[in-house]
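> Just so you know, the sequences run in chain order A and B. Position one of the first sequence corresponds to residue 693 (the numbering used here), numbered consecutively onward. Position one of the second sequence corresponds to residue 15 (the numbering used here), numbered consecutively onward. C-beta atoms are modelled at their ideal positions from N, C-alpha and C, and glycine is treated no differently. Given the structure is predicted, the values throughout are model-derived calculations rather than measurements.
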Amino acid sequence: MNINQKSWIQRNRSILVLVAVPIFLAAWLAFRPEKLFVNQKVSEAAPFMAGGQPQPIYTGTLEGKAHPTSGRATIYQYSEGKSFLRLSDFTTSNGPDVHVVLLKAEEKALGGIAIAGELDKVELGSLKGNQGDQNYDLPAATDLNKYQTVAIYCERFHVIFGSSQLEKF
Amino acid sequence: MARGWNTVLALTGLAVFIAIPSAALAQDTMQSDSMQKDSSMKDGMKQDSMKHDDMKHDDMAPDKNAKALFTGTFHKQVHGTTGRATVYQTEDGKKILRLTHFKTSNGPDVHVILIAAKDSKDNSLSGNLERIELGKLKGNEGDQNYELPENIDWAKFQAVSIYCERFDANFGVAPLVKF
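#1: Using a C-beta cutoff of 8 Å, does E155/B count as contacting chain A?
#2: Would you kindly report the start and end of the unbroken alpha helix (DSSP H) that includes A712/A?
#3: Anything in the region 762–792 of chain A with a Cβ closer than 9 Å to a Cβ of chain B? List those residues in chain order, please.
#4: Output the residue ranges of the beta strand (DSSP E) runs that lie fully inside the region 767–825 of chain A and measure 3 residues or longer, sorted by chain position.
#5: Considering only C-alpha positions, which residue in the set Q158/B, F181/B, L113/B, G94/B is nearest to P122/B?
#6: Indicate whether at least one CB of chain B lies closer than 8 Å to the CB of V734/A.
#7: Going along the chain, which residues of its own chain have a beta-carbon closer than 6 Å to the beta-carbon of P748/A, five neighbours each way excluded?
#8: Is Q158/B close to chain A, meaning its C-beta is less than 8 Å from at least one C-beta of that chain?
#9: Note the first and the last residue of the continuous beta strand (DSSP E) segment covering Y839/A.
#10: Tell me whether E179/B sits in a helix, a strand or coil according to DSSP, three-state version.
#11: Between V814/A and Y839/A, which are expected to be in contact by the criterion C-beta below 8 Å, what is the C-beta distance as a whole number of angstroms?
#12: Comparing alpha-carbon positions, which option in V790/A, P725/A, G763/A lies nearest E847/A?
#13: Please classify S175/B as buried or exposed, where buried requires at least 16 other C-beta atoms within 10 Å of its C-beta.
#14: Take every Cβ of the region 714–734 of chain A, pair it with every Cβ of the region 823–833 of chain A, and state whether three or more of those distances are shorter than 8 Å.
#15: So, for L779/A: in the same chain, excluding its five sequence neighbours on each side, which residues have a beta-carbon less than 6 Å away from its beta-carbon?
#16: Could you say which of A797/A, F740/A, V792/A, G854/A lies nearest to P831/A if we only look at CA atoms?
#17: Give me the DSSP bridge partner(s) of P189/B.
#18: I166/B and L128/B - do their beta-carbons sit closer together than 8 Å?
#19: Using three-state DSSP, classify S699/A as helix, strand or coil.
#20: Any contact of the region 701–711 of chain A with the region 87–95 of chain B, i.e. 3+ C-beta pairs under 8 Å?
#21: Of the residues that make up the region 748–763 of chain A, which ones have a beta carbon closer than 8 Å to any beta carbon in chain B?
#22: Can you tell me where the beta strand (DSSP E) holding R145/B begins and where it ends?
#23: In angstroms with no decimal places, state the Cα-to-Cα distance between P739/A and D781/A.
#24: Beta carbons nearer than 8 Å to chain A: which residues of the region 115–133 of chain B have them?
#25: What is the residue span of the beta strand (DSSP E) that V124/B lies within?
#26: CB-CB under 7 Å to H89/B, same chain, minus the five flanking residues each way: which ones, in chain order?
#27: What's the call for M64/B, buried or exposed, on a 16-neighbour Cβ count within 10 Å?
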């Protein structure tokens, strides 16, 4: 009996292979499992000229904290290395002694509303207007790998009006 | 004896099958190497790994200005997907979707599409969700451009999806916000 069964498989082995191989191939074609290990890297040039004009390197949208705040914060860099922050479509509430600062993403003050003590910040200047597009020069030594959060900060009451976590452009 | 031949046959079939895609891959790479001359432009990535679609590249020779209209970062759904999607408008009015710092998982039949939603947290896209096809994903890593059809209703199509057609799998989504 046992021997008979074995011989059946052996006799039909070529048929089994003929059936199994196409099934296997079809499954492989559908799932392409080798792609899990094969990366396809591309690097197309930007569809425009990068020279001359300052290029955006970080950007993010502003969210309200203590006061409704909206708009976009973008850091632009000139080819010679100078960079500036630009607020666009920007609106926040007006207030006394409001500043634009850069904070570290892990800054605790971003969680709460009022802040005790000094902030670990990069000062960019007094807020020029509570509405509209505006630019702020970044100090040359700004470490953008660390300070990647823009905050609208009321110095007098230690309140963050709104902030934006920047991400690479 | 017959068993031996069958095994040989099966292995040969398998070998040919595996060899075909990798040969195609090698060919692609070679092609891009020979086209590197006209690319000249920037980008930190290694020149060797440069790969681009010649037609697109010629059309969009980097000699004009463009402004960013919308941008957003990818969040993952079915597969880890990171990077940025930005819609640019060139001086002559053409619109281009550009992916930067981009990385997703490789896969079969993966496409770049615009979806008629603000965002999507779904792992598959329901059939009645309107979409605009932008083309096959050129690479699962790296900067890449896709031409956009004219007259897109940007109030409606507000997100980019990396989408596997074959398995209705939404790899990742980038909601677009005004730049």
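In short, the structure shows the following:
#1: As a working note, residue 155/B is residue 141 in the second sequence. Output row for E155/B: interface = yes.
#2: Within the first sequence, numbered from 1, the residue matching residue 712/A stands at position 20. A712/A -> alpha helix (DSSP H) spans 705–723.
#3: R764, T766, S780, D781
#4: 775–783, 790–795, 813–818
#5: Indexing the second sequence from 1 puts residue 122/B at position 108. Ranking Q158/B, F181/B, L113/B, G94/B by Cα distance to P122/B puts F181/B first.
#6: For the purposes of this step, residue 734/A is taken as the residue at position 42 of the first sequence. Closer than 8 Å: yes.
#7: Taking the first sequence and counting its residues from 1, one reaches residue 748/A at position 56. Here the set comprises T766, Y768, F861.
#8: Translated into the one-based positions of the second sequence, residue 158/B becomes position 144. Chain A contact via Cβ: present.
#9: Residue 839/A sits at position 147 when you count from the first residue of the first sequence. From DSSP, Y839/A is part of no beta strand (DSSP E); its letter is neither H nor E.
#10: Residue numbering aside, residue 179/B sits at position 165 when the second sequence is read from its first letter. E179/B: coil per DSSP, three-state reduction.
#11: The residue you call residue 814/A lines up with position 122 of the first sequence. The residue you call residue 839/A lines up with position 147 of the first sequence. Confirmed, Cβ separation roughly 5 Å.
#12: Residue 847/A sits at position 155 when you count from the first residue of the first sequence. Considering only alpha carbons, the answer is V790/A.
#13: In the second sequence, counting from the first residue as 1, residue 175/B sits at position 161. Buried is the call here.
#14: no
#15: Start at 1 with the first residue of the first sequence, and residue 779/A comes out as number 87. Here the set comprises G763, A765, Q826.
#16: Taking the first residue of the first sequence as position 1, residue 831/A is located at position 139. Looking at the Cα atoms, V792/A is the closest of the given residues.
#17: In the second sequence, the residue the question calls residue 189/B occupies position 175. P189/B pairs with A173/B.
#18: Looking up residue 128/B in the second sequence gives position 114. Looking up residue 166/B in the second sequence gives position 152. A contact, by the Cβ cut-off of 8 Å.
#19: The residue given as residue 699/A occupies position 7 in the first sequence. DSSP places S699/A in helix when its eight states are reduced to three.
#20: no
#21: P748, T751, T753
#22: Walking along the second sequence from the start, residue 145/B turns up at place 131. Counting along the chain, the beta strand (DSSP E) containing R145/B begins and ends at 145–150.
#23: As a working mapping, residue 739/A is identified with position 47 in the first sequence. As a working mapping, residue 781/A is identified with position 89 in the first sequence. When rounded, the distance between both Cα atoms is 25 Å.
#24: H115, S119, N120, G121, P122
#25: If you number the second sequence from 1, residue 124/B lands on position 110. Note, V124/B: beta strand (DSSP E), 124–129.
#26: Working through the second sequence from its first residue, we reach residue 89/B at position 75. So the list reads G186, V187, once near-sequence residues are dropped.
#27: Start at 1 with the first residue of the second sequence, and residue 64/B comes out as number 50. A caution first: M64/B carries a pLDDT of 39, below 50, which makes its placement in the model unreliable, though a value can still be read off. By the 10 Å Cβ count, M64/B comes out buried.
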